[in-house]
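Asker: In our numbering, the protein residues as written are 438 to 645.
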Ligand SMILES: C[S@@+](CC[C@H](N)C(=O)[O-])C[C@H]1O[C@@H](n2cnc3c(N)ncnc32)[C@H](O)[C@@H]1O
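Below you can see the structure in the form of C-alpha cells.
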C-alpha cells in the first residue's frame with residue numbers, strides 16, 4: 438500500500454498574511470489528499486493564499502484541482518476602519534485588494550498549475566457550477582447572511598463521501614463571530630453530514 442502524502446511547505450507560510458493556524462492548515466492538506474483526483478475542491482475565501490497553499494498542496498499531491506474563489510475585495514471586517522483592516526493591502530487606487538499578494542503566494546508555492554483563481558463571489562460561481570464537488574472549504578464573509586449564502590450555495594453540490602470544511606467555528610461569542618458555527622450547526626442538523634475532524638476553530642464534515 439502506498440504511503441499517504443506528507444506535507445512539505447515550499448514557502449515560509451508564516452510570511453503569508455492570513456487567519457489560519459498551522460494545525461488547521463495540516464488538517465486541510467490531509468483532507469485534500471483524500472480527494473478522488475477527479476473530484477475538484479472549492480475554497481471560498483482565499484485572502485492572501487494561506488489556506489490555499491495547504492489545500493493546493495494536497496490537491497497537487499493527488500493531481501486534483503482547487504478552485505480558489507474570492508473577489509479579493511475583502512470581507513466587511515477588512516474594510517478601512519474595521520477591526521481586521523490591513524493598510525498594506527490597499528491597491529494603487531486606494532481600494533482594499535488581496536489579489537496581488539494572493540498571486541505572489543500561489544506562484545512562490547508552485548501552485549499555478551493546480552489552483553484556478555476565481556475572481557467573483559461564491560454565490561456567482563455556484564450559479565454556473567455544474568458537477569459534484571469533492572471538498573468545499575467555507576471561509577468567506579463572516580456575517581450571518583454571507584455565511585448562510587455560501588452554505589446554501591454549495592452544500593448541496595458536495596458529493597457523497599465528500600467534505601465540507603468550515604473555519605472560525607467558535608462555541609461562544611467571546612471567542613469570535615457566530616455565523617460559522619450557525620452554518621456548522623445547520624449542516625449537522627440536516628442529517629446529511631457527520632463530523633470527522635475538529636482542530637482549533639476548523640471543523641471538517643463528511644457528506645453521508
Ligand atoms: C477570512 S478571509 C479568508 C482567509 C483565508 N482562508 C486564510 O487562510 O487566510 C475571507 C476572504 O473571503 C473573501 N470573501 C468575502 N465574501 C466573499 C464572497 N461572497 N465570495 C467570495 N469571497 C468572499 C474576502 O475577500 C476575504 O479575502
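Backbone N, C-alpha and C fix where the C-beta goes; we use that ideal spot for every residue, glycine too.
Could you tell me which whole beta strand (DSSP E) segments of length 3 or greater appear in the stretch 493-577?
Answerer: Correct list: 503-506, 552-555, 570-575.
Asker: Express the C-alpha separation of residue 567 and residue 486 in angstroms, rounding to a whole number.
Answerer: Straight-line Cα distance between these residues: approximately 25 Å.
Asker: Contact check, residue 586 vs residue 560 under 8 Å by CB: the rounded distance?
Answerer: That pair is a contact at about 5 Å.
Asker: Applying the criterion that 16 or more other CB atoms from any shown protein chain within 10 Å of the CB defines a buried residue, is residue 633 buried or exposed?
Answerer: Exposed, because fewer than 16 other Cβ atoms sit within 10 Å of the Cβ of residue 633.
Asker: Thinking C-beta only, is residue 601 closer than 7 Å to residue 642?
Answerer: Cβ atoms of residue 642 and residue 601: closer than 7 Å.
Asker: Leaving out the 5 sequence neighbours to the left and right, which residues in its chain are closer than 8 Å to residue 569 when beta-carbon positions are compared?
Answerer: Excluding residues within five positions, the ones whose Cβ falls inside 8 Å are 476, 594, 595, 596, 599.
Asker: Look at the alpha carbon of residue 509 and the alpha carbon of residue 455, and state the distance between them as a whole number of angstroms.
Answerer: Spanning the two alpha carbons is a distance of roughly 13 Å.
Asker: With 16 as the cutoff for other CB atoms within 10 Å, does residue 506 come out buried or exposed?
Answerer: By the 10 Å Cβ count, residue 506 comes out buried.
Asker: Could you tell me the alpha carbon to alpha carbon distance between residue 525 and residue 518, rounded to whole angstroms?
Answerer: Answer to the nearest angstrom: the Cα atoms are 14 Å apart.
Asker: What do you reckon, are the CB atoms on residue 482 and residue 577 nearer than 7 Å?
Answerer: Their beta carbons are under 7 Å apart, which means residue 482 touches residue 577 by this criterion.
Asker: Any C-beta of chain C sitting closer than 7 Å to the C-beta of residue 623?
Answerer: You won't find chain C in this structure, because it holds only one protein chain.
Asker: State the CB to CB distance for the pair residue 474 and residue 499, rounded to an integer number of angstroms; the pair is presumed to be in contact (CB under 8 Å).
Answerer: Between residue 499 and residue 474 the Cβ distance is about 5 Å, and since that is below 8 Å, they are a contact.
Asker: Return the first residue and the last residue of the alpha helix (DSSP H) that residue 462 is part of.
Answerer: Segment 459-470, the alpha helix (DSSP H) holding residue 462.
Asker: Compute the Euclidean distance between the alpha carbons of residue 488 and residue 553, then round it to the nearest angstrom.
Answerer: About 14 Å.
Asker: Please determine, among 453, 458, 472, the residue with the shortest C-alpha to C-alpha distance to residue 535.
Answerer: The shortest C-alpha separation from residue 535 is found at 453.
Asker: Are the beta-carbon atoms belonging to residue 472 and residue 491 less than 7 Å from one another?
Answerer: The answer is no: Cβ separation not under 7 Å.
Asker: In the DSSP assignment, the alpha helix (DSSP H) including residue 620 goes from what residue to what residue?
Answerer: That run of the alpha helix (DSSP H) goes 616-626.
Asker: Would you say residue 531 touches ligand 1, meaning its beta carbon is less than 6 Å from a heavy atom?
Answerer: No, since every heavy atom of ligand 1 falls outside the 6 Å radius drawn around the Cβ of residue 531.
Asker: Evaluate residue 631 with the Cβ neighbour count: other Cβ atoms within 10 Å of its Cβ, from every protein chain shown; 16 or more gives buried, anything less gives exposed.
Answerer: Flag for residue 631 reads exposed.
Asker: Would you mind giving the Cβ-Cβ distance between residue 503 and residue 478, rounded to the nearest angstrom? I have them listed as a contact below 8 Å.
Answerer: Sure, about 5 Å apart at Cβ, within 8 Å.
Asker: Assuming residue 461 contacts residue 636 (C-beta within less than 8 Å), just tell me the rounded distance between them.
Answerer: Yes, residue 461 and residue 636 are in contact; Cβ-Cβ is about 5 Å, under 8 Å.
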